[in-house]
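Read the structure below first, then the notes.
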Amino acid sequence: MSATPDEPRIDYRWIAVYPVIHFGAIWLGLELSASNYTSTLWVSNALLVGILASRSYRDWPILLGAALFAEVVSLFTLSSHLPVFSAAWFSVANLCEVLFGAWLWKRLGGGRPSMGRLRDTIALALVVATLAPAVSSLMAAATFVGFGDFREFAHFWQLWWASEALGLLIVAPVVLSWLEYARERFDAYGQRRFELGIVAVLSMLLAIWIFSQEPTDSKTLLNLPYATYPFLIWGVLRFGYRESALLVLMNALVATYFTNQGLGPFSLPGYSVYESVLALQLFMVAIAVSVMVVAASFNEHRLAQDRIRRQAEERMELEQQLQQSKKMESIGNLAGGVAHDFNNILTSIMGYTDLALGELSGRRDSTMRSYLEGINDASSRARELVGHLMTFGRRRKAEKVRVEIGEIVDQVVSLLKPALPPGLTVEIHLDRDVIAVMGDPVQLQQAIMNLCINARDAMDGHGTVHIEARRQRKDVVVCSSCRKVFSGDFASIQVRDTGAGLPVDQVDSLFEPFYTTKAPGVGSGLGLSVVHGAVHSHGGHVTVTSQPGDTCFSIFLPIAGVTPRQPEVVGASQPAPENLRGRVLLVDDEPIVANAVSMVLQKKGLEVEIATDPNAALDRFSGQPHAYDIVVTDQIMPAMVGTELARQLSRIRPGIPIILCSGFSRGVDESRLASVGIGAFLPKPVDFDALATRIASLLSSQPGPSDGSFEAFETGKPIDTDSP
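Heads up, the sequence shown is in numbering that gives the first Met the number 0, so the first residue is 0 and it goes up one at a time.
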């Protein structure tokens, strides 16, 4: 025999008290006996069966030992009228019944029977209460064979069996169900506690009135005890199987006591003691079995309804998560599309500004130059804004390196402190030894910085920003931005402020682009959308909790494993070359972009031919494949994407240098670009100095990019081919 894993161990401190409890149960069983010691309801065996059925097999020996001690004491006190041998034999029979009944009930109940399950209730009524008393009653009745009194054997066996079976049907369910209840956290009934008291008192008063009546000759009074039945069903429907089992026991004790006093409907004139006891036992069996079955059935029905309700709630929650996920995905796609169009506009603005600055070179018109430089500065800020949109849309897939969270937080704090008002303080708690993630340091720094700035702005110049980083395990948590459930071990970064808090109805919208809780004109509304994009691009999640005086944003990132090889980072671009020579085929579906790039390249000395339709560009190239020295093409175009155009051009003239420029190239990696003949990739908005440098490099390289090489280039940054 082995214990089920979730069975509780017994508290051995009350084991010393159990012999007293068992002794009291034996005394009560004898008190409930009729004249001639005709047993009506045997309590002690049922009590111990209920306890053993709820406990681990490992606890059985000490419980059985305590019960055996109580049985021995009862031999010399309560059973002094019996021969010592008979009393001892009866005690052995009782313990055999208890051992067999508890084992059988646990086997049928899958290791832990419950009165809340119809299967276990039926098993008790039809199997355990039938077979277990048969064992002890046969052993006890055998004493009459030893004394040669064969006439009393059958009669004694019947009475013993009935009293033991009735005890199992009435007492054992109370013990098992309330021990099961005690293992759970005891929740108060609240208002129903008063209702339970009313039901119990009314039921007891009615039972006392019925069974305390003087016996009469009318056999119609045999149906009167069933008048308590509505109170029992009331207990079932309003409370449950635990309370209904207790009500049944209370009614059974009242009925047994008064019947043994010769009162009540079952003590009819002319009835023998045995007949009265039999009628009483049949009544108690009827109410015990019917109430147990109804209670278990109702409990299973309630549990089934609860499961259906929970499943409906879980389904609704999953649907909300799916809707939120689709919503964020749609907004991300929209952000990527906006970034693409905005990049084209910026390319034109920056191109024409460069041209204008070139026209002013050597002149003294400082006012015009300052205007143009202001346009350049504004364009640079706009490029950062586009970068935020791309980060939110998760279009930027930077190289991942091993990042120590403590170092990132230190960098953020060093940058943040000069921007804090005097009334704000920063508290840092870092677990520096164990937290490292694989990620892009720039994106992570930007995400943490945005959270810190939001915390600063939420406190009106007075308060504390708490930053904490540690290893943390989370179980079944819902992400506040994507609404997906996640769990596991994470590197946790928490930014907490002591501001006024956030309204609950705003949490779902916090991570949308351009949504802000700040005053008009303060902030762009992209801070948290950048956090969303950066964190999710690292496989992480974000949670938000807020109340007045305590708002906490938590970032959860997968913890890094083995330190990977550090990727190579392309250094800053060289100064832009001048006086280039060569003919360029420039393909871009936006004429304003094509014209701006063309004019800049012409200023560099290149001859440029523009094609706004990729099919037209392919036709021109097919007619004169050697008329062009290099091709510069956009990626996203209506008729044909840039990678497919590059593939077609390379088939016509293998080795032709091709540069791909795009603000949106998700799903294109370096190996694929090289395989279609693309020699370099530049993200939009185009850095014209970088473009000129790449053109010079590819024109001077021999035999050219046809050797399968690929160069990703951007001034001062490593380039990811999935960046828009």
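Just so you know, even glycine gets a beta-carbon here, dropped at the ideal spot from N, CA and C.
- In the three-state reduction of the DSSP assignment, D353 falls in the helix class, which pools H, G and I.
- Distance from the CA of P590 to the CA of F620, rounded to the nearest whole angstrom, comes to 19 angstroms.
- Nearest C-alpha to Q260 among S674, R582 and F210: F210.
- For V48, the closest C-alpha among the options V408, W104, P682 and I651 is that of W104.
- Rounded to the nearest whole angstrom, the CA to CA distance from I404 to G548 is 26 angstroms.
- Per DSSP, reduced to three states, the secondary structure at E179 is helical.
- In terms of Cβ geometry, G539 and F552 do not form a close pair [threshold 7 angstroms].
- DSSP, reduced to helix, strand and coil, places C551 within a strand of the structure shown.
- Comparing alpha carbon positions, the residue from F193, L231, E194 and R192 closest to L205 is L231.
- In this structure the segment 680 to 691 lies against the segment 649 to 664, because at least three pairs of beta carbons, one per stretch, are closer than 8 angstroms.
- Close CB contacts of D488 within its chain, under the 7 angstroms cut and outside five residues either way in sequence, are with R470, R472 and I558 (chain order).
- Straight-line spacing of the CA atoms in R482 and Q445 works out to 22 angstroms.
- For S73, the closest alpha carbon among the candidates A45, W88, D439 and L690 is that of W88.
- Pairing V530 with N614 gives a Cβ-Cβ distance that is not under 7 angstroms.
- Per DSSP, D474 is one residue of the beta strand (DSSP E) stretching across G462 to V477.
- The three-state reading of DSSP puts E426 in strand, counting E and B together.
- Check the Cα spacing between N578 and each of N594, L600, V592 and A595: the tightest is with L600.
- Residue pairing for R582: DSSP places it in a beta bridge opposite E606.
- In the structure shown, C481 falls within a coil segment according to DSSP collapsed to helix, strand and coil.
- Non-local beta-carbon contacts of P112 in its own chain, meaning distances under 6 angstroms to residues more than five positions away in sequence, involve A52, W104 and D119 in chain order.
- In the DSSP assignment, A616 falls within the alpha helix (DSSP H) that extends over P613 to G622.
- If you check the CB distance, A287 and L168 come in under 7 angstroms.
- Of all C-beta pairs linking the segment 92 to 110 to the segment 126 to 135, three or more are shorter than 8 angstroms, placing the two stretches in contact.
- If you look at S32, you'll find it isn't in any beta strand (DSSP E); DSSP assigns it neither H nor E.
- In this structure L644 touches V586 by the C-beta definition: roughly 7 angstroms separates them, less than 8 angstroms.
- Relative to W41, the option among F68, N93, V16 and D58 whose CA is nearest is N93.
- With a beta-carbon spacing of about 6 angstroms, V596 and G350 fall inside the 8 angstroms limit used to define contacts.
- R54 is classed as buried because its beta carbon has at least 16 other beta carbons within 10 Å across all chains shown.
- In the displayed model, L107 falls within a helix according to three-state DSSP.
- About 6 angstroms separates the beta carbons of R382 and L345, which is inside the 8 angstroms limit, making them a contact pair.
- Across the structure, F193 and Y225 are spaced so that their CA atoms are roughly 24 angstroms apart.
- Between W159 and A139 the beta-carbon gap is near 5 angstroms, inside 8 angstroms, which marks them as a contact.
- In the DSSP annotation of this structure, the continuous segment of the beta strand (DSSP E) that includes G438 starts and ends at A435 to G438.
- Within its own chain, the residues whose Cβ lies closer than 8 angstroms to the Cβ of V292, once the five positions on either side in sequence are excluded, are L117, T120, I121 and A124, listed in chain order.
- Spatial neighbours of N298 in its own chain (CB-CB distance under 7 angstroms, excluding positions within 5 residues in sequence) are listed in chain order as G115, G239 and Y240.
- Taken through DSSP and simplified to helix, strand or coil, P557 comes out as strand.
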